[in-house]
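**Q** The UniProt record's numbering puts the first residue of the sequence shown at 1, with every later residue one more than the last.
No residue lacks a Cβ here, since even glycine has one placed at the ideal position from N, Cα and C.
Note that the coordinates shown come from a computational prediction; the quantities given were computed from them, not determined experimentally.
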Amino acid sequence: MRKQQQAKGKRAKWLAAIFLASTLLVVILDLAGTRRQGESEARNQAAGLSELLEERLSSGLRETSLILKSASDSNLVQLLLNKHLLSQEQEQRIDVQMRSKLRQMPNLKQIDILDSSCYVLYSSQKHSPSSQLKTDYCRWYHRNGGQDSSFTSTRQEQGQDGIVLVQKLLNQDDEAIGMVVGVLDKHFFQAEVAKLPVGRFGEILVLDQRQVLQASWPAQKGKTEQALNELQSTDVLDRHDNYLQFRARSILDQEVRLYSSRLMEGFPFRVVVGIAERDFTRAYNDKATLAILAWLFTAGLTMLTLRNHLASIRQNRLLSASAARIRESEELARLTLDTAPVALVLVATDGLRILRANAPARDMLQLPAAPQRADGQSAMLDLPLQLSPVCDWLRSGEVVSNREAELERADQSKLWAIVSVELMPQQQIPAALIALYDISERKALENELEEKNRLLNQMAITDPLTRLSNRRHADQTLKEELQRCERYSQPMSVAVFDIDHFKQFNDSFGHQAGDNVLLAVANAAVDCTRSTDVCARIGGEEFLVIFPCTRLRDAEKVMARIQQVLASTVFPFTDEKVTFSGGITDWRPGDTPSGMLSRADKLLYQAKMAGRDLMLSDGNAE
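1. Which residue's Cα is closest to the Cα of Ala359: Leu352, Gly351 and Ala370?
2. So Ala536 packs on Leu468, CB below 8 Å; how close in whole Å?
3. Relative to the C-alpha of Asp601, which residue among Thr592, Gln4 and Ile584 is closest?
4. Can you pull the DSSP bridge partners for Cys535?
5. Spatial neighbours of Gln366 within its chain, please: C-beta separation below 8 Å, excluding the five flanking residues on both sides.
6. For Ser87, which of helix, strand or coil comes out of DSSP?
7. Our contact map puts Thr529 next to Val545 with C-beta atoms below 8 Å; I'd like the distance itself, whole angstroms only.
8. Going along the chain, which residues of its own chain have a beta-carbon closer than 6 Å to the beta-carbon of Ala215, five neighbours each way excluded?
9. Kindly indicate which three-state DSSP category Arg395 falls into: helix, strand or coil?
10. Starting from the N-terminal side, write out each stretch of the alpha helix (DSSP H) that is 4 residues or longer and does not extend beyond the stretch 430 to 473.
11. Between which residues of its own chain and Asp475 is the CB-CB distance below 7 Å, once the five residues before and five after are set aside?
12. So Met594 is in the beta strand (DSSP E); what residue range does that whole segment cover?
13. Ignore the nearest five residues each way along the sequence and tell me which others in Thr466's own chain have a CB closer than 7 Å to its CB.
14. Measuring CA to CA, which of Gly60, Thr574 and Leu566 is closest to Leu508?
15. With distances taken Cα to Cα, identify the nearest neighbour of Glu175 among Thr154, Ala12, Asp115 and Lys3.
16. Using a 10 Å radius around the Cβ and a threshold of 16 neighbouring Cβ atoms, would you call His511 buried or exposed?
17. So, using beta-carbon positions, are Val578 and Leu566 closer together than 8 Å?
18. Check Asn402 in the structure and name its three-state DSSP category.
19. Could you check what DSSP says for Lys109 in three-state terms: helix, strand or coil?
20. Which full runs of the beta strand (DSSP E) of 3+ residues lie inside the stretch 151 to 232, going along the chain?
21. DSSP beta-bridge partners for Met615?
22. Specify the secondary structure class of Thr477 as computed by DSSP and reduced to three states.
23. Where does Phe280 sit, in a helix, a strand or coil, going by DSSP?
24. Do Ser260 and Ala47 come within 8 Å of each other at the CB atom, strictly closer than that value?
25. Count the other C-beta atoms from every protein chain shown that fall within 10 angstroms of the C-beta of Gln458, then say buried if there are 16 or more, exposed otherwise.
26. In or out: Thr349 buried (at least 16 other Cβ within 10 Å) or exposed?
27. Quick check: Leu304 and Leu445, are their CB atoms within less than 8 Å of each other?
28. Given 7 Å as the limit, tell me if Ser508 has its C-beta closer than that to any heavy atom belonging to the ligand FMN.
29. Measuring straight from C-alpha to C-alpha, what distance separates Ser312 and Lys287?
30. Can you give me the C-alpha to C-alpha distance between Phe480 and Pro491, rounded to a whole angstrom?
31. Which of the three DSSP states, helix, strand or coil, is assigned to Met98?
32. Would a C-beta distance cut-off of 8 Å place Phe505 and Ser581 closer than the cut-off?
33. Bridge partners of Asp241, per DSSP?
34. For Arg210 and Val236, what's the separation of their Cα atoms in angstroms?
35. Please state the DSSP three-state secondary structure of Leu387.
36. Is Phe505 helix, strand or coil by DSSP?
Below, the structure is given as structure tokens:
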């Protein structure tokens with residue numbers, strides 16, 4: 001018997017060691033997966049932001065080019081190029097036309113019209129020279145022939161500090177008779193760059209073909225006209241014709257980042273977006289700390305449980321020895337009851353009366369001490385046993401071995417214990433020996449561990465400020481909802497929006513005011529949506545709402561209600577109303593999460609460009 005007990009103890013120790021080693025391995029593998037996932041998300045974020053920035057900058061330059069190209073449609077411009085002289089009224093009319101084009105593009109600050117000899121025939125800047133110009137685009141005009149109709153440059157010539165866009169002007173016979181030159185303010189690039197969220201330590205660069213910095217985030221102080229060195233990649237991650245993704249040290253601050261570089265199609269510029277490792281590893285570090293603490297807590301609880309189990313094995317061995325001695329002699333049983341280290345109770349099975357109980361049992365069951373007989377020995381207690389469910393086991397004759405149970409005492413107080421019941425029907429008085437080992441503290445620790453695990457799981461999917469779902473949980477939910485849509489052809493809509501002028505709230509009233517604005521938007525979203533809808537904070541001031549089984553027009557109504565609730569919200573620190581802009585789209589067969597979010601982001605950008613405080617959808621974008 002002793003060898004069997006020792007074998008059980010060794011087996012329990014091995015099982016505890018295997019359990020702790022396996023849980024530690026799971027934690028390590030999970031953290032490694034989290035690190036890889038964080039880097040993958042950072043790569044996707046850098047690629048998406050570089051593509052978005054390239055699209056925004058290219059769109060602005062193309063819009064400017066179209067404005068300049070439309071100048072050739074004017075009869076006055078054709079007349080000016082053919083005759084070089086106009087009446088005063090005609091000069092005023094052409095000036096009105098050109099200034100109207102300047103108003104179409106706020107960042108377009110100058111328009112010049114030049115003849116084929118590069119003489120300035122018209123300029124929106126009155127102080128511009130009228131002599132023949134010797135610029136790079138004049139050389140391009142005479143060298144190019146009829147191949148290209150447009151030219152873009154960033155060189156400073158004749159006081160033109162900015163982005164120079166040139167369009168050839170053609171006559172009715174499609175012959176080049178002059179050109180229109182537009183100067184776009186460089187702040188156009190900087191304004192677009194400042195809109196992209198690249199994290200606390202991210203970096204954005206816009207470079208021309210000479211590696212001269214045109215715009216950056218963080219913004220560089222002073223003018224940088226000298227060419228920068230090329231980024232020296234240490235690890236190329238992806239490469240296409242006009243696209244490159246790599247890991248490198250910044251040429252500005254030597255920070256290691258994941259970079260996504262794209263050439264602007266049709267224009268001599270390159271956009272570079274870098275996500276710092278310190279940003280995308282922050283969540284990994286937090287998770288690693290929590291995982292290690294949780295594992296240490298689990299290890300401590302496992303060791304405590306092992307210790308209790310080994311103690312239980314020892315106590316069972318003592319219980320078996322005690323039962324054998326009881327069967328040999330009643331007096332030996334009495335001595336064993338009084339000296340056993342566990343709570344032992346001898347109960348008559350016929351009337352469920354307590355015959356004897358040792359000191360631990362009396363303390364546990366709140367029983368009085370046994371009266372003394374005339375010979376100095378302790379008499380039988382002869383007290384009713386009021387201990388549920390032990391009484392039920394005794395009535396049914398059930399034998400119990402090391403069973404964990406919640407016991408209820410006579411005063412209705414409860415405790416957890418490991419219970420063993422050994423029947424002894426061959427005695428003069430049929431009896432049962434009950435052994436009790438109090439495990440209330442262990443149960444309390446187990447309940448505490450279960451509650452902490454629940455809190456850890458909740459923290460892993462929740463944004464700490466707004467209590468909405470975080471980006472990771474929202475991405476997983478969107479992926480699952482798309483799979484459900486594909487399987488059952490159910491409708492689904494998503495809305496992406498961010499708070500208008502949020503940076504002004506932070507700058508003017510402090511970050512606490514900004515947090516109050518975020519909470520107000522989150523509360524409005526939760527109050528106006530269903531319990532089945534998923535509201536998530538996916539960026540600094542950017543939110544996402546997933547509407548399962550919802551058509552586009554119904555999602556539009558919900559977002560309108562959110563705007564109304566937010567418009568009626570009063571903030572103590574400002575009289576201004578908080579608004580947001582965004583885009584709403586619905587599921588289409590074959591959609592991917594990135595595809596739906598990309599459509600919603602484009603609608604969000606259009607809403608911003610249209611003046612903000614606007615929700616555009618696939619149904620009202622036009």
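**A** Concretely, from the data shown:
1. Ala370
2. 5 Å
3. Ile584
4. Val545
5. Arg409, Ala410 and Asp411
6. coil
7. 6 Å
8. Phe189, Gln190, Val193 and Val206
9. helix
10. 440 to 460
11. Pro593
12. According to the sequence shown, residue 594 is Ser rather than Met. That residue, Ser594, is in no beta strand (DSSP E); its alpha helix (DSSP H) goes Pro593 to Met609.
13. Leu518, Leu519, Ala522 and Arg537
14. First, the amino acid is wrong: residue 508 is Ser here, not Leu. Nearest of Gly60, Thr574 and Leu566 to Ser508, Cα basis: Thr574.
15. Asp115
16. exposed
17. yes
18. strand
19. strand
20. 163 to 170, 176 to 184, 203 to 208 and 213 to 217
21. Gly582
22. helix
23. helix
24. yes
25. exposed
26. buried
27. yes
28. By its list of ligands, the structure shown contains no ligand whatsoever, and the ligand FMN lies outside what it can speak to.
29. 36 Å
30. Contrary to the premise, residue 480 reads as Glu rather than Phe in this sequence. Cα to Cα, Glu480 sits roughly 13 Å from Pro491.
31. helix
32. no
33. Paired residues: none, contrary to the question.
34. 23 Å
35. coil
36. helix
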